[in-house]
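Undergrad: These protein sequence lines map, in sequence, to chains U and R. If you want the working numbering, it's the position in the first sequence, counting the first as 1, plus 165. If you want the working numbering, it's the position in the second sequence, counting the first as 1, plus 165. The beta carbon of each residue, even a glycine, is placed where N, CA and C say it ideally should be. Computed from a predicted structure; not experimentally measured. Sharing a structure here in structure tokens format.
Protein chains: 2
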Amino acid sequence: MRDVFTALSSPARRQILELLRERALSAGEIAERIPLAKPTLSGHFNVLKEAGLVSADRQGNSIVYRINTSVVEDALAALLRLTRREEVE
Amino acid sequence: MRDVFTALSSPARRQILELLRERALSAGEIAERIPLAKPTLSGHFNVLKEAGLVSADRQGNSIVYRINTSVVEDALAALLRLTRREEVE
DNA sequence: ACAATATTTCGCTAATTCGCAAAATAACGA
DNA sequence: TCGTTATTTTGCGAATTAGCGAAATATTGT
Chain U
166 MRDVFTALSS PARRQILELL RERALSAGEI AERIPLAKPT LSGHFNVLKE
216 AGLVSADRQG NSIVYRINTS VVEDALAALL RLTRREEVE
Chain R
166 MRDVFTALSS PARRQILELL RERALSAGEI AERIPLAKPT LSGHFNVLKE
216 AGLVSADRQG NSIVYRINTS VVEDALAALL RLTRREEVE
């Protein structure tokens, strides 16, 4: 399971997540919206999958990706901790 | 100004931020707590500074680093957006 | 001016990442 | 089975990164 923050460190991958925020999209639909070669995008999908940030389901010919918001929320919680000074020690 | 998520993608840098969460620390104090060579840590400090995640002040001989929570909060807000489906468009 | 302490910059190597084109795989419909 | 469409895997080069030791820089105290 790859590190979530590593997956989030690429602008291209964050852009993919932004697109998936609204609705699930196939690899091809994402490729129509992001100016990168399909193999390049496929690599990014893999990183996002390994981090648990998206899940993929085949639907006929296409593979549909959807965002996994609960994993985003975990990252959120980790960041939130940094904004709060330790209260009990 | 370097990308905040890129800066957060390194476990070593997140560990530095965790230490700074409680209180500001000098480079040497951080080096006592993290098993990496000082030049390596110095490089990480630089990345964190370029991302605006920490600020540095010389105090006599030492350089004291403190976390910049407002920039962490900006990253937080960017992540939070990903957890909410677009409502108005 | 000198020695001691704290930190950074330099120069290097090994490993990783990002992009692509070409080839391989998977599912569908005729 | 064959052809088409959708996506991934492979293999590559260029660029970046993370680590280190040695040397350089900055500050303090004598």
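For the alpha helix (DSSP H) that contains R250 (chain R), what are its first and last residues?
TA: To locate residue 250 (chain R), count along the second sequence from 1; it is residue 85. Taken as a continuous stretch (DSSP letters only), R250 (chain R) belongs to no alpha helix (DSSP H), as it is neither H nor E.
Undergrad: Determine whether the Cβ of F210 (chain U) lies closer than 7 Å to any Cβ atom of chain R.
TA: Mapped onto the first sequence, residue 210 (chain U) falls at position 45. Judged by the 7 Å Cβ criterion, F210 (chain U) is not in contact with chain R.
Undergrad: What residues of chain U sit near V237 (chain R), judged by a beta carbon separation below 8 Å?
TA: Here the question's residue 237 (chain R) lines up with position 72 in the second sequence. Result: L244, L247 and T248.
Undergrad: List, in chain order, every chain U residue whose beta-carbon is nearer than 8 Å to that of S174 (chain R).
TA: Stepping through the second sequence from its first residue, residue 174 (chain R) is reached at position 9. Within chain U, the residues near S174 (chain R) are D168, F170, T171, L173 and S174.
Undergrad: Per the DSSP calculation, D222 (chain R) is bridged to which residue(s)?
TA: Counting from 1 along the second sequence, the entry for residue 222 (chain R) is found at position 57. R:V229.
Undergrad: If you drop the 5 nearest sequence neighbours on each side, which residues of the same chain put their C-beta closer than 7 Å to that of A172 (chain U)?
TA: Counting from one through the first sequence, the residue named residue 172 (chain U) turns up at place 7. R178, V212, L213, A216 and L218.
Undergrad: Would a C-beta distance cut-off of 7 Å place F170 (chain U) and S174 (chain R) closer than the cut-off?
TA: Working through the first sequence from its first residue, we reach residue 170 (chain U) at position 5. Working through the second sequence from its first residue, we reach residue 174 (chain R) at position 9. Yes, Cβ-Cβ distance for F170 (chain U) and S174 (chain R) is below 7 Å.
Undergrad: Enumerate in chain order the residues of its own chain whose CB-to-CB distance from P176 (chain R) is below 6 Å, with the five nearest sequence positions on each side excluded.
TA: Along the second sequence, read from residue 1 onward, the residue named residue 176 (chain R) stands at position 11. Result list for P176 (chain R): empty, nothing under 6 Å.
Undergrad: Within a Cβ cutoff of 6 Å, which residues of the same chain sit near I228 (chain R), ignoring the five residues on either side of it in sequence?
TA: Against the second sequence, residue 228 (chain R) aligns to sequence position 63. Answer for I228 (chain R): A192 and A221, listed in chain order.
Undergrad: Kindly list, in the order they appear in chain R, the residues whose Cβ is closer than 7 Å to that of F197 (chain U).
TA: Start at 1 with the first residue of the first sequence, and residue 197 (chain U) comes out as number 32. Contrary to the premise, residue 197 (chain U) reads as Glu rather than Phe in this sequence. Neighbours of E197 (chain U) on chain R: none; closest Cβ ~18 Å, over 7 Å.
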